[in-house]
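Chemist: As given, the protein sequences belong to chains A and B, one line each in that order. Just so it is clear: in the first sequence, position 193 is 193 by full-length UniProt numbering, and no numbers are missing. Just so it is clear: in the second sequence, position 87 is 87 by full-length UniProt numbering, and no numbers are missing. Idealized CB from N, CA, C, for every residue including glycine.
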Amino acid sequence: MSNYNIQEMIQKNKSNKGAFVEKSIPVILFLITSVSVLATIGILYTLISQSLEFFSRESFTTFITSADWNPYGAEPEFGIWALIMGTLKVVVIATVFAVPVGLGAAIYLSEYATERLRKVIKPVLEVLAGIPTVVYGFFAINFVTPVLQSIWSEISLYNAVSAGLVVGIMIIPMIASLSEDALSAVPNSMREGSLGMGATRLETTFKIVLSAAVSGIIASIVLAVSRAIGETMIVSIAAGSTPNASLDITSSLQTMTGFIVQITSGDAAYGSSLYFSLFAVGMTLFVITFAMNIISQWITKRYREEY
Amino acid sequence: MVNIMTKEKNTVTRAAGTTVVEDRFRDSAADDGIREPVFKTNNFNLWYGDNHALQDINLTFNQNEISAIIGPSGCGKSTFVKALNRMVELVPVVRTEGEILYLENNIFDRKMTVEELRTKVGMVFQKPNPFPKSIYDNVAYGPRVHGIRKKKVLDEVVEKSLRDAAIWEEVKDRLNENAYGLSGGQQQRVCIARALATEPDVILMDEPTSALDPVSTTKVEDLMHELKKDYSLIVVTHNMQQAARVSDTTSFFYQGYVVEHDDTKIIFENPRDQRTEDYVSGRFG
């Protein structure tokens with residue numbers, strides 16, 4: 001027999017303090033949770049109310065149909081398409097570059113690389129994700145743009161290609177890392193099932209593993225594209241500040257985020273149309289990323305292959 | 001009984017704890033003609049890194065028979081069947097020595113690709129592992145991978161395979177539903193149908209009923225009997241009653257080597273090795 005009476009010791013240790021902590025924890029955690037919800041509501045409220053103020057001064061129809069963005073001067077023009085096109089050019093270039101590279105890296109890491117190699121490469125990718133975007137911006141204008149200019153003479157100092165490529169580099173780790181997680185989460189029994197049928201490794205990867213992981217992969221791409229849309233520093237530094245709706249990717253442009261940065265750094269007097277236009281642009285950004293999230297959720301549901 | 005007694009006297013004992021019963025004393029009830037060997041291993045050895053998992057395996061499996069492989073956990077029985085279609089090589093540290101002859105061709109020869117081998121030697125796994133696709137796409141997967149695209153052919157193959165796997169009646173109205181909506185037992189029969197769809201010679205089964213309930217188990221066992229007419233089956237099982245019920249021959253694996261390989265009846269009623277007897281009577285394992 002034991003020298004201790006455990007039941008007695010348990011009784012002694014019982015106190016009311018424990019019960020109080022137990023009861024108050026959910027309350028405390030609820031308050032903490034509400035901080036993020038309240039912040040979201042606050043941001044949305046500001047965006048909506050100030051945007052409404054903007055649209056009480058300027059025409060909403062012009063805003064969403066026109067492509068002339070000329071917010072300064074006596075007769076300002078607010079046609080958001082000039083900024084949307086700027087964002088779109090950068091985002092499309094970034095996506096076209098980053099999706100194949102990121103996905104390729106994910107497939108390699110999950111399906112082909114040895115355990116040892118994966119353990120080295122994945123942290124490196126995640127370090128890439130941690131580099132401040134201002135450094136990427138610098139990299140774009142001081143390295144990528146000169147290189148591009150040396151092989152493509154029409155490219156100007158500020159352009160969509162350089163900014164797009166570097167935004168792409170920025171989101172590659174996100175796509176690679178999250179897609180790799182999705183691919184690795186596919187149970188090995190499925191690979192074995194396919195290989196056991198005499199399928200090659202490539203067939204197994206494309207017909208079984210990728211389709212089983214498709215919802216995770218799409219989620220990673222949408223997340224990355226949302227980040228590219230919201231990316232500010234790189235485009236402010238490398239893409240210029242000339243709003244235009246042309247499809248030309250070699251010359252200066254301005255994105256929605258680029259405009260917000262430019263104006264918030266001091267140009268707008270409080271209460272002017274220019275000032276309120278910031279919120280309208282912000283609202284547009286929000287609506288676009290929100291719509292992307294909805295679409296991605298729909299796609300994920302539609303193509304989900306549950307296992 | 002008398003019959004079995006005479007057999008015992010005729011067994012040949014070999015060195016190193018491996019005893020082999022010569023084929024000519026085969027149980028006549030299971031024998032309706034001379035059968036060709038489908039798989040034959042010659043001094044087959046396998047290592048996981050430094051762990052010598054299979055030692056000097058010399059076994060012969062015949063066509064149109066159900067061969068059971070029994071033994072306690074960790075004895076190498078799963079490793080062995082996975083070596084037969086070279087799935088074991090997915091583990092990076094695996095090293096093999098010796099020969100495995102599939103219809104007289106060494107499967108480790110460069111002449112035979114693993115894809116070719118696995119097209120001939122299908123596999124059913126321990127846990128049902130359908131693909132997260134429709135029932136139809138699951139069964140059509142093998143033929144499609146091997147270039148069969150015609151809808152008419154595929155339709156026929158899918159129906160035939162599902163019928164042969166005794167699940168057609170249960171799923172014929174829901175072929176386009178995800179296979180994961182089925183019960184475990186149904187999933188396993190879909191997996192068997194998937195393996196049948198490429199019309200292999202041999203079907204390896206790695207504890208095919210260990211994740212199933214008794215009713216599903218019975219269905220799968222009945223199915224094995226049916227499949228025997230057209231296929232050779234090599235079945236790993238943890239369940240000794242199952243081995244006794246379904247198989248023609250049984251190999252008892254213990255600690256990486258074959259203790260005894262003989263007609264199932266002999267293994268269960270009159271084994272020669274004490275360890276076999278202890279195992280089949282449930283004294284260990």
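Can you check DSSP and say which residues form a bridge with N70 (chain A)?
Modeler: As a first step, residue 70 (chain A) is located in the first sequence; it is residue number 70 there, counting from the start. According to DSSP, which records beta bridges pairwise, N70 (chain A) is partnered with A:E77.
Chemist: Mind listing which residues of the region 197 to 210 of chain A have their C-beta closer than 8 Å to chain B's C-betas, in chain order?
Modeler: For the region 197 to 210 of chain A, which is checked against every Cβ of chain B, the residues closer than 8 Å are M197, G198, A199, T200, E203, K207 and I208.
Chemist: Taking the alpha carbon of A199 (chain A) as the reference point, which residue from B:K172, B:N178, B:K150 and B:V145 has its own alpha carbon closest?
Modeler: Within the first sequence, residue 199 (chain A) is the residue found at index 199, counting from 1. Per the Cα distances, B:V145.
Chemist: Using C-beta distances below 7 Å, list every residue in its chain close to R283 (chain B), excluding the 5 sequence neighbours before and after it, in chain order.
Modeler: The residue you call residue 283 (chain B) lines up with position 283 of the second sequence. None.
Chemist: Is A163 (chain A) a contact residue of the ligand GDP, with contact defined as CB to any heavy atom under 7 Å?
Modeler: What this structure holds is no ligand at all, so the ligand GDP is not there to describe.
Chemist: Count the other C-beta atoms from every protein chain shown that fall within 10 angstroms of the C-beta of A193 (chain B), then say buried if there are 16 or more, exposed otherwise.
Modeler: In the second sequence, residue 193 (chain B) corresponds to position 193, counting from 1. Buried, by the Cβ-count rule.
Chemist: Count the other C-beta atoms from every protein chain shown that fall within 10 angstroms of the C-beta of D262 (chain B), then say buried if there are 16 or more, exposed otherwise.
Modeler: Sequence index remark: in the second sequence, residue 262 (chain B) carries index 262 (1-based). Per the 10 Å Cβ criterion, buried.
Chemist: For the beta strand (DSSP E) holding R35 (chain B), just list the boundary residues, first then last.
Modeler: Within the second sequence, the letter at position 35 stands for residue 35 (chain B). No beta strand (DSSP E) holds R35 (chain B); DSSP gives it neither H nor E.
Chemist: Tell me the DSSP secondary structure of E99 (chain B) in three-state form.
Modeler: Numbered from 1 along the second sequence, position 99 holds the residue referred to as residue 99 (chain B). E99 (chain B) falls in the strand class under three-state DSSP.
Chemist: Report the rounded CA-to-CA distance for M240 (chain B) versus T198 (chain B), giving the unit in angstroms.
Modeler: As a first step, residue 240 (chain B) must be located in the second sequence, where it is residue number 240. As a first step, residue 198 (chain B) must be located in the second sequence, where it is residue number 198. Approximately 30 Å, taken between the alpha carbons.
Chemist: Taking just the CA atoms, how far does G18 (chain A) sit from M9 (chain A)?
Modeler: Counted from its first residue, the first sequence places residue 9 (chain A) at position 9. Counted from its first residue, the first sequence places residue 18 (chain A) at position 18. Rounded to whole angstroms, M9 (chain A) to G18 (chain A) spans 16 Å at the Cα level.
Chemist: Could you work out which residue in B:N105, B:R110 and B:D50 is closest to P92 (chain B) when comparing CA atoms only?
Modeler: In the second sequence, residue 92 (chain B) corresponds to position 92, counting from 1. P92 (chain B) has its Cα closest to that of B:D50, out of B:N105, B:R110 and B:D50.
Chemist: Could you give the first and the last residue of the continuous beta strand (DSSP E) run that contains L54 (chain B)?
Modeler: Translated into positions along the second sequence, residue 54 (chain B) becomes position 54. Residues N51 to I57.
Chemist: I'd like to know if A219 (chain A) contacts chain B, where contact means its C-beta is closer than 8 Å to some C-beta of that chain.
Modeler: Along the first sequence, one-based indexing puts residue 219 (chain A) at 219. By this cut-off, A219 (chain A) is not an interface position.
Chemist: Determine the chain A residues that contact K40 (chain B) at a beta-carbon separation under 7 Å, and present them in chain order.
Modeler: Numbered from 1 along the second sequence, position 40 holds the residue referred to as residue 40 (chain B). Ordered by position in chain A, no residue passes the 7 Å Cβ test against K40 (chain B), which lies about 21 Å from the chain.
Chemist: Counting only Cβ pairs nearer than 9 Å, list the residues of chain B close to T114 (chain A).
Modeler: Position 114 of the first sequence holds residue 114 (chain A). Under the 9 Å cutoff, chain B gives P92.
Chemist: Taking all protein chains shown into account, do 16 or more other C-beta atoms lie within 10 angstroms of the C-beta of residue 287 (chain B), making it buried, or fewer, making it exposed?
Modeler: Only positions 1 to 285 of chain B appear in this structure, which leaves residue 287 (chain B) out of reach.
Chemist: So, with DSSP's three-state summary, where would you put A244 (chain B)?
Modeler: As a first step, residue 244 (chain B) must be located in the second sequence, where it is residue number 244. It is helical.
Chemist: Can you give the beta carbon distance from S179 (chain A) to I217 (chain A), rounded, assuming they're within the 8 Å contact cut?
Modeler: Taking the first residue of the first sequence as position 1, residue 179 (chain A) is located at position 179. Taking the first residue of the first sequence as position 1, residue 217 (chain A) is located at position 217. Indeed they touch by this definition, with Cβ atoms about 5 Å apart.
Chemist: Is N58 (chain B) close to chain A? Criterion is C-beta to C-beta, closer than 8 Å.
Modeler: Numbered from its first residue, the second sequence carries residue 58 (chain B) at position 58. Output row for N58 (chain B): interface = no.
Chemist: Rounded to a whole number of angstroms, what is the C-alpha to C-alpha distance between M1 (chain B) and V259 (chain B)?
Modeler: Position 1 of the second sequence, counted from the first residue, corresponds to residue 1 (chain B). Position 259 of the second sequence, counted from the first residue, corresponds to residue 259 (chain B). Here the model assigns M1 (chain B) a pLDDT of 38, short of 50, so the residue's position is not dependable, and the following value carries that caveat. Between M1 (chain B) and V259 (chain B), the C-alpha separation is close to 23 Å.
Chemist: Hey, how far is the Cα of V35 (chain A) from the Cα of G42 (chain A)?
Modeler: For the purposes of this step, residue 35 (chain A) is taken as residue 35 along the first sequence, with counting starting at 1. For the purposes of this step, residue 42 (chain A) is taken as residue 42 along the first sequence, with counting starting at 1. Taking the straight line joining both Cα atoms gives about 10 Å.
Chemist: Can you find the residues in the same chain that come closer than 6 Å, C-beta to C-beta, to residue 313 (chain A), ignoring five residues on each side of it along the sequence?
Modeler: An answer regarding residue 313 (chain A) cannot be provided, because it is not within the stretch 1 to 307 covered by chain A.
Chemist: Would you please verify whether the beta carbon of E111 (chain A) is less than 8 Å from any beta carbon of chain B?
Modeler: Position 111 of the first sequence, counted from the first residue, corresponds to residue 111 (chain A). No, because no Cβ of chain B sits closer than 8 Å to the Cβ of E111 (chain A).
Chemist: What in chain A is Cβ-close to M123 (chain B), meaning under 7 Å?
Modeler: For the purposes of this step, residue 123 (chain B) is taken as residue 123 along the second sequence, with counting starting at 1. Simply G196.
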